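252 is the number that my numbering gives to position 253 of the sequence shown; each next residue is one higher, with no gaps. Right, one structure below, let's go through it.
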Amino acid sequence: MANPGLSREQMQEAVNAFAKTGSKTEAAKLIGINPNTYSTRLRSAYSAGVTPTVTVANKEINALLDAKDKIRQLEATIHAHEENTLTAEYIKSTILKMTKKEVSPPNWLIRPNKKKRSAGVPTLMASDWHWGEVVDPNQINGVNEYNVAIAQDRARVMIEKAIDLLKNHVALTDYPGIVFVLGGDMVSGDIHEELMATNSMEIMPTVIDLFGVLTWCIETLADEFGNVFVPCVSGNHGRNTHKIRAKGRNFTSFDWLLYQFLSKRFENDTRVQFHIPDGSDAYYSIYGHKYLLTHGDQFRGGDGVIGALGPIIRGDHRKRSRNAQIDMEYDTMILGHWHQLIQLERLIVNGSLKGYDEYAYANNFGFEPPRQALWITHPEHGLTFSMPVYVERKRKKISKDWITWK
């Protein structure tokens, strides 16, 4: 029996669609209705004696379907391209309105000034600040405490002590500039439930607060040393994804976004130059000494005897083998992530601004004070002076008296 609610035109459309496609599913797509609704409409049309008024050859039908498939494929390709453009160049050029310029090392990193005697170019590495995280001293026997106020003070101490070490404890202090490495995990992030519950601020206010502190750090270094070169890599804590990504790693990182804001802030300051790669590693050289900067979260493993050195040295070996195959050999790898200061000729592992925390204490890791790496690259001898910068002021210690039962 025909459906009395259907018009003659609707039933004719249903019959003609089936004649064109030869398929109820395709016919429903053709006229834009639900397949079940279409089947009901077609049965009503047949019951009413409606016959098709059009005929389409199978060749034309197949051509039409092929065209639809190609359109869908093209739309998907365009959509993927637009997403990729949004994450990288679109953000930099359109949203941040940054001028596009070629990244090249400043001249003072390439060759020394022969008219001036200098110890070389100093490098101060800042990484693993975990801005926004809170470390409760009562949970780690009082050996450390950390929050935003303490972090702000430690950042100031780091800059002041680095300037003091380089200006007052080295004989030749006429430096052409300073390299200020930003090595990732600058913010605590929300990658773990315990961090989401205990961080002192949400991620956006955290980034804004840290932006102001790093702006002061870079301005102070520029005022003291004249030039500042800032190579940057993202860490694993600042991501907004559940797992760290290989594709588009930086474009899901608040570290990377922070670096872009800083680069925009100093865009017109000729004393400051940034190097922010799209990948996980940054390459630069000082007087021909080649550095590979990475965060270090790619390296996993270790044990209670050899500690972090095992996975780091194995990771360095793999990177050197990979880079040798693509003509990108380097002399020294620098990284953070492990919160342990290790300064060697072939690799430099940074400490942390945060210092010892509940995770390290619960896992019986050795005590590591909050400190950052500082060293000098000499034009002839490569790495020379290595000076850890201790960033903690003296503070009142929590009582560690043993509880005695008599």
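Where is the CB? At the ideal position from N, CA and C, for every residue including glycine. Every value quoted in this text rests on a predicted model; they were computed, and no experiment measured them.
Asked: Residue from L261, L256, Y174 and T36 whose Cα sits closest to the Cα of P111; Found: Y174
Asked: For T331, three-class secondary structure by DSSP; Found: strand
Asked: Bridge partners - I177, DSSP secondary structure assignment; Found: V227
Asked: Span separating the alpha-carbon of I202 from that of V133; Found: 14 Å
Asked: Residue of I162, S38 and L108 minimising C-alpha distance to D222; Found: I162
Asked: Start-to-end residues for the alpha helix (DSSP H) that takes in I325; Found: Careful: I325 lies outside any alpha helix (DSSP H) and carries neither H nor E.
Asked: Pick from V212, T240 and P121 that is closest to A372, judged by C-alpha positions; Found: P121
Asked: Anticipated Cβ contact below 8 Å, T172 with L165, distance rounded; Found: 7 Å
Asked: Buried or exposed (CB count within 10 angstroms, at least 16 for buried), K242; Found: exposed
Asked: Closest by C-alpha distance to I217, when choosing among I190, F17 and M157; Found: M157
Asked: Counted within 10 angstroms of its Cβ, other Cβ atoms place M195 as buried (16 or more) or exposed; Found: exposed
Asked: Rounded separation between N362 and D356 - CA only; Found: 10 Å
Asked: Three-pair Cβ contact test at 8 Å for the region 261-275 versus the region 307-317; Found: no
Asked: C-beta atoms of T205 and W130 nearer than 8 Å; Found: yes
Asked: Segments of 4+ residues assigned as alpha helix (DSSP H) that fall wholly inside the region 195-258; Found: 202-224
Asked: Straight-line Cα distance separating A27 from G335; Found: 58 Å
Asked: Start and end residues, beta strand (DSSP E) containing Q272; Found: V271 to H274
Asked: Given T293 as reference, the closest of G287, Y286, S279 and Y283 once Cα atoms are compared; Found: S279
Asked: According to DSSP, residues forming a beta bridge with K261; Found: According to the sequence as given, residue 261 is Leu; it is not Lys. L261 is not bridged to any residue.
Asked: Which of helix, strand or coil DSSP assigns to K115; Found: coil
Asked: Status (buried if at least 16 other CB within 10 Å, exposed otherwise) for R345; Found: exposed
Asked: Selection from D315, F179 and Q342 that minimises the alpha carbon distance to L108; Found: F179
Asked: Endpoints, alpha helix (DSSP H) assigned at I162; Found: V147 to N167
Asked: Cβ-based neighbour list, M332, same chain, cut-off 6 Å, excluding 5 preceding and 5 following; Found: L291, D315 and L346
Asked: Classification of E170 by the beta-carbon crowding that lies within 10 angstroms, buried from 16 upward; Found: Here residue 170 is Ala; the residue named in the question, Glu, does not match the sequence. It counts as exposed.
Asked: Close-in-space but distant-in-sequence residues of the same chain around R153 (CB under 7 Å, 5 per side omitted); Found: L352, P369, V390 and E391
Asked: 8 Å CB neighbourhood of H288 in its chain, flanking five on each side removed; Found: D330, T331, T376, G381 and L382
Asked: Status (buried if at least 16 other CB within 10 Å, exposed otherwise) for H338; Found: buried
Asked: Proximity of D272 and V229 at Cβ, strictly below 8 Å; Found: Asp is not the amino acid found at residue 272; the sequence shown has Gln there. Going by C-beta atoms, Q272 is nearer than 8 Å to V229.
Asked: Backbone CA spacing between S284 and G188 [nearest angstrom]; Found: 31 Å
Asked: Bridge partners - K289, DSSP secondary structure assignment; Found: S284
Asked: Cβ-based burial, D127 [other Cβ within 10 Å; buried from 16]; Found: buried
Asked: For T50 and V14, believed in contact at Cβ under 8 Å, the rounded distance; Found: 7 Å
Asked: Limits of the alpha helix (DSSP H) - the one that V14 falls within; Found: R7 to T20
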